[in-house]
Each structure stands twice: as C-alpha cells, then as structure tokens.
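Visitor:
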Amino acid sequence: MINKIFGIGLSKTGTSSLSAALSQLGISSIHYPNDERTYHELKSGNYNLSILKKYQAVTDTPVVPYYPQLDKLFPGSKFILTVREMDSWLVSVKKHWETATTYEGQPAKKAFQEFIRAAVYGTVEFHQERFQYVYELHYKNVLEYFQGRPDDLLVMNICNGEGYEQLCPFLDLPVLDEPFPHANEWMHKLIKATADMKSVIPERASAVLIDDQAFGFDFESARSFIPFPESNGIYMGSPLNSTSAISAFQKTISTYHPEYIVLGWPSFWWQEAYPEFDAYMKSRCEEVMVNDELMVYKMNKS
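Per this note's numbering, residue 3 is the first one in the sequence shown, and the count goes up by one each step.
1. Considering only the beta carbon of each residue, do Ser13 and Trp188 sit closer than 9 Å?
2. Determine the closest residue to Lys80 out of Ala59, Ala250, Asn293, Asp198, with distance taken between C-alpha atoms.
3. Between Leu155 and Leu72, which are expected to be in contact by the criterion C-beta below 8 Å, what is the C-beta distance as a whole number of angstroms?
4. So what does Tyr123 bridge to, in DSSP terms?
5. Under 9 Å between the Cβ atoms of Tyr69 and Val157?
6. For a test of the three-state rule: what should DSSP assign to Ile82, helix, strand or coil?
7. Should Gln149 go down as buried or exposed, given a rule of 16 or more other Cβ atoms within 10 Å for buried?
8. Residue ranges of each beta strand (DSSP E) run of no fewer than 3 residues wholly in the segment 88-170, ordered along the chain?
9. Excluding five sequence neighbours on each side, which residues of the same chain lie with their C-beta closer than 8 Å to the C-beta of Asn243?
10. Assuming contact is defined by CB atoms lying nearer than 9 Å, are Ala216 and Ala22 in contact in what I supplied?
11. By DSSP's criteria, Glu289 is part of a beta bridge. Which residues make up the other side?
12. Buried or exposed for Ile193, going by 16 or more other Cβ atoms inside 10 Å?
13. Decide yes or no for the touch test of the segment 102-119 against the segment 27-46: beta carbon pairs closer than 8 Å, at least 3 of them.
14. Helix, strand or coil: how does DSSP classify Ala207 here?
15. Can you tell me whether Leu225 is buried or exposed? The criterion is at least 16 other CB atoms within 10 Å of its CB, across all chains shown.
16. Could I get the ranges of all uninterrupted alpha helix (DSSP H) runs contained in the segment 19-46, with 4 residues as the minimum, in chain order?
17. Counting only the same chain and skipping the five closest in sequence on each side, list residues whose C-beta sits under 8 Å from that of Thr40.
18. Could you check where the alpha helix (DSSP H) with Phe251 kicks off and where it finishes?
19. State buried or exposed for Met238, treating a residue as buried only when at least 16 other CB atoms are found within 10 Å of its CB.
20. Can you name, in chain order, every residue of its own chain whose Cβ lies under 8 Å from the Cβ of Arg119, other than the five neighbours on each side?
21. Could you tell me how far apart the beta carbons of Pro260 and Ala209 are, in whole angstroms, since I believe they sit closer than 8 Å?
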C-alpha cells in the first residue's frame, strides 16, 4: 500500500497538472498548500504535516525542499519529480513570477510565499542565473538521493506529453483512458468555480463540499466548507455505494446543519455512481446554480 505521494518538481513543471491527474485517479491531492498551519509547521521544522492527515498527495514547492525528511517520516511513499526543458522553463517561471498573486492584504499567505520561495530558490525575486542553478542542483540531488530506488521515484516530463502511461504503472494503477489534465485549463476552471461559488453562497454560510478533495485551500477557505464524506472534519474517501453515502450525508447534516451543498466537477461522476444518493440529496435541496464547474444546492429548512 502506498503511504503518501509527493510531487517534488519545481514551479511551472506541470505540478498543477500532476495534482489534477492524481485527483482524477481518485487520490486526494492538494497543490501548493499555503495555509497558516502548514506555514508554521514548516517554519519550525515539523515535517509531519497536519495536511497529510487529510490528503494522500501533496505537490509543488511547499514539499520540494523536504523530500529526504518526508521519505523518512513516510516510508513506502512515492515521489514524482516533474521536469521541463530548461529554456522553456525559464521563460515560463519568469512570467509566473511577474504575474503571480502577491497576496497583498493577506499577510499570512504573503509570508508563506516569501518563506517557501527563499527555501526553494534562495531568493524571493526571479533571478535567471540563480533559478537555473537551483533547477540543475535539485535535479541532480533528487536523482542521487533516490539512486537504486526506481520504485520510489518517477521522473516525469508532463510538459513534453508524458501522462497516465507513465504515472499509473508507477502507482500500480490501471492506465486511465482519458486525456491528461492541462494545468492552465484546470486552473481557469477552478478560478471560475471559485468566483461562481462566491456569487451564490453568502460569506458566512456553511456548506458541504463534494469535490474528491481536488479544489484545495484557496477554494475551501473562501467559505466554511465541510468535506464529504468526513469524520471529525477529515475527508474519508469516496463512499462504497449509495447506501453508505446517504448514511454519511444524514450524519453530516445532523451534525453540522449546513446551508448549502456544493458538488464540484471532479465529483460529477457521483451522479452515475450513486444515483440513489443523488436523488436523496436533491429531494432535500433547492437548485441554486448548475454549470460546467459546479452544482450548488440550498438545503431545505424542513
């Protein structure tokens, strides 16, 4: 059994696509966790991250510098180093640095961003010579660290077309017969979904979120979301069948009394997989919004 999965590629090497692909494979995954607890844990040298109680996979720079410690803390885990052709990577990462969110007015997120940039690149601002040096050194160090351990490390060039044919055998899963997620398309959909959700759910309202843990903190922190199915606030994975889904739903409703139900597109498959649950849920809700990214329902008061 795989313990955890860590995407340890640098920025703009397909880490968003990797996280989306893992979610499509049914693996609870988060890309670039930048919550305050993760920040304080990393800053204090505590690599047994609380976020790993909720997610099986974490990708991007918050875990990049710490792969040796994570390897020791979570033996049996899988590590995926996403790579990219150097010239293309430098152009992309430079553009990303120029246009990335700076989190003005959000001091905790801004502090995390500066901390992790310094930890990974040794600089907060983009510097081409330094970034090239860090890329080459990181690649060399990872290969040396995992030398003789081919079952533990996958080097993957998503930007050059590698996808499920490489990822699934590494994870001992059947190859998924679907297009590999494209990072930009995924992020655009997520940005739209976040804006749409905010437009119909009041700021202080609580909601059940069914998304196969694919949306991540930026979406989840926008409202008071309850993962589903859950136990003590921790996501418990997809239900076995409609009966177990209905039972979990009844417990969640009676415990938290949410005002809304949000079904994200990564979980649209639930409608066919759990038809009785889908009918049960909708019989107790009023449709608020349905589009290609979201289905939002308001709980009936009765």
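Every residue gets a Cβ at the ideal spot worked out from N, C-alpha and C, and that includes glycine.
These numbers were taken from a predicted model, which means no experiment stands behind them.
Guide: On the basis of the coordinates in this document:
1. Working through the sequence shown from its first residue, we reach residue 13 at position 11. Working through the sequence shown from its first residue, we reach residue 188 at position 186. Cβ atoms of Ser13 and Trp188: not closer than 9 Å.
2. Taking the first residue of the sequence shown as 1, we reach residue 80 at position 78. Out of Ala59, Ala250, Asn293, Asp198, Ala59 has the C-alpha closest to the C-alpha of Lys80.
3. In the sequence shown, the residue the question calls residue 155 occupies position 153. In the sequence shown, the residue the question calls residue 72 occupies position 70. At roughly 13 Å, the Cβ-Cβ gap does not stay under 8 Å, so Leu155 and Leu72 are not in contact.
4. By one-based count along the sequence shown, residue 123 stands at place 121. Per DSSP, none; premise fails for Tyr123.
5. The count along the sequence shown starts at 1 and reaches residue 69 at position 67. The count along the sequence shown starts at 1 and reaches residue 157 at position 155. Result no, Cβ atoms of Tyr69 and Val157 do not sit closer than 9 Å.
6. Indexing the sequence shown from 1 puts residue 82 at position 80. Three-state result, Ile82: strand.
7. For this step, residue 149 is matched to residue 147 along the sequence shown. The residue is exposed, with fewer than 16 neighbouring Cβ atoms inside 10 Å.
8. 155-158
9. In the sequence shown, counting from the first residue as 1, residue 243 sits at position 241. So the qualifying residues of the chain are Tyr276.
10. On the sequence shown, position 214 is the one that residue 216 refers to. On the sequence shown, position 20 is the one that residue 22 refers to. It is a contact, given that the beta carbons lie within the stated cut-off.
11. For this step, residue 289 is matched to residue 287 along the sequence shown. Answer is Tyr299.
12. Along the sequence shown, read from residue 1 onward, the residue named residue 193 stands at position 191. So Ile193 ends up on the exposed side.
13. yes
14. Counting from one through the sequence shown, the residue named residue 207 turns up at place 205. Here Ala207 sits in coil by DSSP.
15. Within the sequence shown, residue 225 is the residue found at index 223, counting from 1. What sits at residue 225 in the sequence shown is Arg, not Leu. Burial call: buried.
16. 38-45
17. Translated into the one-based positions of the sequence shown, residue 40 becomes position 38. Taken in chain order, the residues that qualify are Leu51, Ser52, Ile53, Pro64, Phe114.
18. Along the sequence shown, read from residue 1 onward, the residue named residue 251 stands at position 249. Here the alpha helix (DSSP H) through Phe251 covers 244-258.
19. By one-based count along the sequence shown, residue 238 stands at place 236. By the 10 Å Cβ count, Met238 comes out exposed.
20. Translated into positions along the sequence shown, residue 119 becomes position 117. Thr63, Thr125, Val126.
21. In the sequence shown, the residue the question calls residue 260 occupies position 258. In the sequence shown, the residue the question calls residue 209 occupies position 207. Pro260 to Ala209, Cβ: 5 Å. Contact.
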